[in-house]
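Read through the structure below, which is laid out as structure tokens, and then see the notes.
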Amino acid sequence: MACANHPPGGKACMGGAGAGIDRVVEAGLRKGLFVMKIEYLLVLAFSIAIPFAASFSKRIDMYEYKAAMVKAIALPSVVYLIWDVVATARGHWSFNPAYVVGIRIAGLPVEEVLFFPVISFITIFTWEAVKAIAHRRDQ
Amino acid sequence: MEYTLLACLAGVAAVRLDFLLGTRVLRRQEFWIAMGVMYFFMLFVNGYLTARPIVLYGDEFFSGVRLHTIPVEDFVYGFGLMAGTVVLWEYFRKPKR
Chain A
1 MACANHPPGG
11 KACMGGAGAG
21 IDRVVEAGLR
31 KGLFVMKIEY
41 LLVLAFSIAI
51 PFAASFSKRI
61 DMYEYKAAMV
71 KAIALPSVVY
81 LIWDVVATAR
91 GHWSFNPAYV
101 VGIRIAGLPV
111 EEVLFFPVIS
121 FITIFTWEAV
131 KAIAHRRDQ
Chain B
1 MEYTLLACLA
11 GVAAVRLDFL
21 LGTRVLRRQE
31 FWIAMGVMYF
41 FMLFVNGYLT
51 ARPIVLYGDE
61 FFSGVRLHTI
71 PVEDFVYGFG
81 LMAGTVVLWE
91 YFRKPKR
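Chains as they are written, first to last, in the working numbering: chain A, 1 to 139; chain B, 1 to 97.
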């Protein structure tokens, strides 16, 4: 039922607006629909869409430092992924199977693995954008 | 409270890294503006992940204090990830300049 996959304390189990959405998800899952399972992926896609598009702006030169970009995204991602694998295994947090596609890497949903490079990319872009805007004001 | 402790360690590690690598981004005003922008959007993204919930937290591993649905530890965890990324980006980008 609504709370079957949720550990105690899961907010969606407490009724309110979330419960109605959960029933819709469950109805969809019973019919074998795939669509709601891409919800975590959609969150990542919505998060990165505008920063990614704007990163090609002439005022942003981050792609001139591709090696630095790869390193500055990969290093924190690897550290946080190791942390995430251990934390997930120990039960610090878990992932609602209703909203992930079901591909797991070292116990993590593929969406969670993508989360770190996505956030690191957005962080670099935001930092560069703030510097570009601040610099323009100086001129 | 394991998550609480680990999040704090990550936050401290990012501050230490900025000092050790000599990047000193934490001293720059643009850094805190960028962090403010990131935290603003984090409220929506992390808020959504925790409200659905897509990610569920084990009650015994964090303080239990949430900002709406987001565990407060997430903000420290996020600081470690975001500040760490900016520090490493500035560090690796420098030699080419």
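For each residue, glycine too, the CB sits at the ideal point set by N, CA and C.
Coarse secondary structure for arginine 104(A), derived from DSSP in three states: Arginine 104(A): strand per DSSP, three-state reduction.
Cβ shell of asparagine 5(A) (< 8 Å), same chain only, five flanking positions each side left out: In this predicted model, asparagine 5(A) has a pLDDT of only 43, less than 50, meaning its place in the structure is not dependable; the value taken from the coordinates is given anyway. Closer than 8 Å at Cβ, skipping near neighbours: Asn96, Pro97 and Ala98.
Through-space distance from lysine 131(A) to leucine 17(B), alpha-carbon basis: Spanning the alpha carbons of leucine 17(B) and lysine 131(A) requires a straight line of approximately 21 Å.
Own chain partners of histidine 135(A) with C-beta closer than 6 Å, once the 5 adjacent residues on each side are dropped: Cβ-Cβ distances below 6 Å link histidine 135(A) to nothing in the same chain once the five nearest sequence neighbours on each side are left out.
Chain A contacts made by the region 76-95 of chain B, where a contact means CB separation under 7 Å: Contact annotation: in the region 76-95 of chain B, residues whose CB is within less than 7 Å of a CB in chain A are Leu81, Met82, Gly84, Thr85, Val86, Leu88, Trp89, Phe92 and Arg93.
Rounded separation between serine 57(A) and leucine 75(A) - CA only: Distance between the alpha carbons of serine 57(A) and leucine 75(A) is about 26 Å.
Sequence-distant residues of its chain with Cβ nearer than 6 Å to glycine 37(A) (five each side left out): It should be noted that the sequence gives lysine, not glycine, for residue 37(A). Excluding positions up to five away in sequence, the list reads Val101.
Minimum Cβ-Cβ distance from cysteine 3(A) to chain B less than 8 Å: Low local confidence applies: a pLDDT of 42 at cysteine 3(A) is under 50, so the model's placement there is unreliable, and no value is given.
Valine 65(B) in three-state terms, based on DSSP: Three-state DSSP puts valine 65(B) in coil, outside helix and strand.
Three or more C-beta pairs below 8 Å linking the region 29-41 of chain B and the region 108-128 of chain A: Yes, the region 29-41 of chain B is in contact with the region 108-128 of chain A.
Cβ neighbours of glycine 16(A) in the same chain (closer than 8 Å, five flanking residues each side left out): Confidence at glycine 16(A) is low in this model, with a pLDDT of 44, below 50, so the placement of that residue is unreliable and no value is reported for it.
Exposed unless 16 or more other CB atoms sit within 10 angstroms - verdict on alanine 67(A): Label assigned to alanine 67(A): exposed.
Phenylalanine 46(A) classed as buried or exposed, judged by whether at least 16 other C-beta atoms fall within 10 angstroms: It counts as exposed.
Beta-carbon proximity check, glutamate 112(A) vs aspartate 84(A), cutoff 8 Å: At a Cβ-Cβ threshold of 8 Å, glutamate 112(A) and aspartate 84(A) count as neighbours.
Through-space distance from valine 25(B) to leucine 42(A), alpha-carbon basis: For leucine 42(A) and valine 25(B), the distance between alpha carbons rounds to 32 Å.
Alpha helix (DSSP H) segment containing phenylalanine 75(B), residue limits: Segment 73-93, the alpha helix (DSSP H) holding phenylalanine 75(B).
CB contact check: arginine 16(B) to chain A, cutoff 8 Å: Not one chain A Cβ lies under 8 Å of arginine 16(B).
Cβ separation of serine 88(A) and valine 86(B), assumed to be a contact under 8 Å, to the nearest whole Å: Before going further, note that residue 88(A) is threonine rather than serine in the sequence given. Between threonine 88(A) and valine 86(B) a beta carbon distance of about 26 Å is seen, past the 8 Å cut, so the two are scored as non-contacting.
Residue from Ala106(A), Ser77(A) and Tyr65(A) with nearest C-alpha to valine 86(A): Answer by Cα proximity: Ala106(A).
Whole-angstrom C-beta distance between valine 76(B) and aspartate 11(B), which should lie under 8 Å: It is worth fixing the name first, because residue 11(B) is glycine in this sequence and not aspartate. Cβ-Cβ separation between glycine 11(B) and valine 76(B): approximately 5 Å, consistent with a contact (criterion under 8 Å).
Helix, strand or coil at proline 53(B) according to DSSP, with G and I counted as helix: Reduced to three states, the DSSP call for proline 53(B) is coil.
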